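According to this note's numbering, the sequence shown is numbered sequentially starting from 1023. A short write-up of the structure that comes next.
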Amino acid sequence: MSASAPQMTEQQVQEDLLRLDAYRNQLTALLQQHEILSASRQDHIRARESLEGVDRAPASAEMLLPLGGETFVRGSVDRDAPVLVGVGSGVVAEMERPKVVELLANRTVRIEQALRDIEGQMASLDERIQALSQRLDSIARESGAPTDVGSD
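Structure below.
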């Protein structure tokens, strides 16, 4: 019976190592999602602040209008003109400025909630990674094997 016990421990260690690798891959994917959502949140905040800035500027004020790629054109904005806003899948809708400001604010709130959710998932995964790493390190110390499981 003692011959099967070490084999089972070895099998469990292999399973734990695979699980640890899977957790780390999941954490990496969540970190990437977090970065994308953070950038999106910043874009939405900048857009809302820009629209609000247009409303505060004098009617004849000349502005630098961004075209992308750090390229701008001088111009002025008609405050009464509707705003074009992306609504998903490449579709753009024409809306009144106050509605767009409200839409951007609502999107920002939803993005921030998604960020909090991802942060919770990341914390949970990190706890699992730490617990599994400690367990594997403990097993490695008992068997006299190297203990570099927790380092990346």
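Each residue gets a CB set at the ideal place from its N, CA and C atoms; glycine is no exception. Every value quoted in this text rests on a predicted model; they were computed, and no experiment measured them.
- With a minimum length of 3 residues, the unbroken runs of beta strand (DSSP E) contained wholly in the stretch 1084-1112 fall at 1085-1090, 1093-1097, 1105-1110.
- DSSP places S1082 in no alpha helix (DSSP H); its state is neither H nor E.
- Scanning its chain for C-beta atoms nearer than 8 Å, with the 5 sequence neighbours on each side dropped, one finds around L1073 the residues V1105, R1119, V1122, V1123, L1126, in chain order.
- For E1118, there is no enclosing alpha helix (DSSP H), as DSSP marks it with neither H nor E.
- Taking the Cα positions, V1114 is about 20 Å away from I1133.
- Check the Cα spacing between A1044 and each of T1031, A1162, S1155, D1159: the tightest is with S1155.
- Judged by DSSP in its simplified three-state form, G1166 adopts coil rather than helix or strand.
- Within the same chain, and ignoring the five residues on either side of V1076 in sequence, the residues whose Cβ sits closer than 6 Å to its Cβ are V1099.
- L1147 places its beta carbon less than 7 Å from that of L1049.
- The beta carbon of R1096 is closer than 7 Å to those of E1084, L1086 in its chain, skipping five residues each way along the sequence.
- Residue environment analysis places L1039 among the exposed positions, since fewer than 16 neighbouring C-beta atoms fall within 10 angstroms of its C-beta.
- Cβ contact annotation for I1140 (same chain, cutoff 8 Å, sequence separation greater than five): L1052, Q1055, H1056, L1059, in chain order.
- Between the alpha carbons of E1092 and E1149 lies a distance of about 41 Å.
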